[in-house]
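Beneath this line is the structure, given in structure tokens, with notes to follow.
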Amino acid sequence: MIFDSLDNAKQYCALNNKLKKGFDFLLNSDLKNLKEGKYEIEGQEIFANIQTLTTKEKSEQKWEVHRKYIDIQYLIHGHECMGYGILKDFQTKVTEYDKEKDIEFLEGEVYNYINLKEGDFVIFFPNDVHAPMLYDKQPKNIKKVIVKIAID
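Residue numbers for the sequence shown follow the numbering used here, beginning at 916 and rising by one.
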């Protein structure tokens, strides 16, 4: 997992050419004015989903993990709390892996949280279990983009 501000995104572009393309989308798009929906960057290899949501209480968290895609979750508007952990600490399956949606829900004992503000991003890799869309003190309306990057 990587947590930082989009101002520092160029540091992470050297990690992978696909990550660079994902960050290029974030850096060069008018994200505040883009409508909700899916935006193809490079077909199914790299695409972005823009969402407007209301954050939930931590007791409603759902721990998720992906196998085929890396997530860059970027907060366009609002404040969002996210839980995160390491896959080895989440061995209880809540659902079976859904290959089509590339998601599996798990339970575990390790709970860590970060608070994102506008302009922050988190990169979740396949070993990073995460619980997005949470609030720390009260529900908030947020707008975010999740760039999905296929793993080679």
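Here a beta-carbon is modelled for each residue, glycine too, at the ideal position from N, C-alpha and C.
Contact belief for residue i with residue j at Cβ below 8 angstroms, rounded distance in angstroms
i	j	result
LYS973	LEU1049	5 angstroms
ILE1018	LYS933	Actually they do not touch by this definition, with Cβ atoms about 20 angstroms apart.
GLU995	LEU1031	5 angstroms
GLY1034	SER920	5 angstroms
8 angstroms Cβ cutoff met for residue i and residue j
i	j	result
LYS947	HIS992	yes
VAL1044	GLU975	no
PHE938	ALA929	no
ILE1038	ASP1004	no
ILE1057	LEU968	yes
TYR999	ASN964	no
Residues sharing a beta bridge with residue i, DSSP
i	result
GLY952	ILE965
HIS992	LYS1058
Residue i - DSSP class collapsed to helix/strand/coil
i	result
ASN932	helix
LYS1052	coil
GLU957	strand
Terminal residues of the beta strand (DSSP E) in which residue i lies
i	result
GLU1022	1019-1022
PHE918	917-920
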